[in-house]
Each structure stands twice: as structure tokens, then as C-alpha cells.
Amino acid sequence: MDIHPRVFQQLNDERLGSLTGKLNVDDLLRLANNPSAQRFLDTRSNNINIIQEVEGRLLRITLSGDSQRIISVGPIRTNLVRNRIASGDFIPLT
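According to the numbering used here, the residues represented by the sequence shown are 138 to 231, in order.
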């Protein structure tokens, strides 16, 4: 799986809280392939969001629609996920 260059900067973003600077490529690949993570199709972009709690922080890893590239990573709030599901913007994938 390929990783967009901007992701490396996002891994050092202070909005990640205690995860800032802790995650590396291997961690991202492991998290992106975690079978217990929640996966959602973002109907606005056709990208896939993988959402899971990591060290007490809700983390979003966004993949390109073909699942071949990690294009973004960052925190996400539970209420935002709920709202996006309710509005139809996020469709759970099984």
C-alpha cells in the first residue's frame, strides 16, 4: 500500500494528542489492515475511512477509493462519525 507524502506531516500534527510523532509507516499499515476497525465509504469523496481507537484517541485513516493508498490520517470525533452516518455521508462497510 502506498502512502501520500502529506501523511508523514499529519503524523506529527499536535491534534493527534498523545499519538503525535508516535506512529510510523508500519503502524499505519497495521492499523489500516486491522480487521476490528470500523470501515466507512465516504459518499462525498468515494474514499474509505478506517476508524478505530488508538491509545484512547479516535483515529481516522483515509484510503483512496481503490484502497491502494493512505491519503490522510487524523483524529475524528465520535459525534462527527454519528452525524455522517445519520446523514448518509458515511456508509458502513462490512
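All residues carry an ideal CB built from backbone N, CA and C; glycine is no exception. For clarity, every value in this text was computed on a predicted model and none was experimentally measured.
Backbone CA spacing between residue i and residue j [nearest angstrom]
i	j	result
residue 219	residue 152	20 angstroms
residue 166	residue 194	17 angstroms
residue 181	residue 213	17 angstroms
residue 162	residue 207	10 angstroms
residue 139	residue 225	28 angstroms
residue 186	residue 223	16 angstroms
residue 150	residue 196	13 angstroms
residue 157	residue 174	20 angstroms
residue 164	residue 184	20 angstroms
residue 159	residue 227	28 angstroms
Per DSSP, cross-strand counterpart(s) of residue i
i	result
residue 190	195
residue 229	177
residue 212	196
Delimiting residues of the alpha helix (DSSP H) encompassing residue i
i	result
residue 205	No alpha helix (DSSP H) contains residue 205, which DSSP labels as neither H nor E.
residue 219	215 to 224
residue 165	162 to 169
Exposed unless 16 or more other CB atoms sit within 10 angstroms - verdict on residue i
i	result
residue 143	exposed
residue 170	exposed
residue 215	exposed
residue 199	buried
residue 230	exposed
Start-to-end residues for the beta strand (DSSP E) that takes in residue i
i	result
residue 181	Element bounds for residue 181: n/a, residue is neither H nor E.
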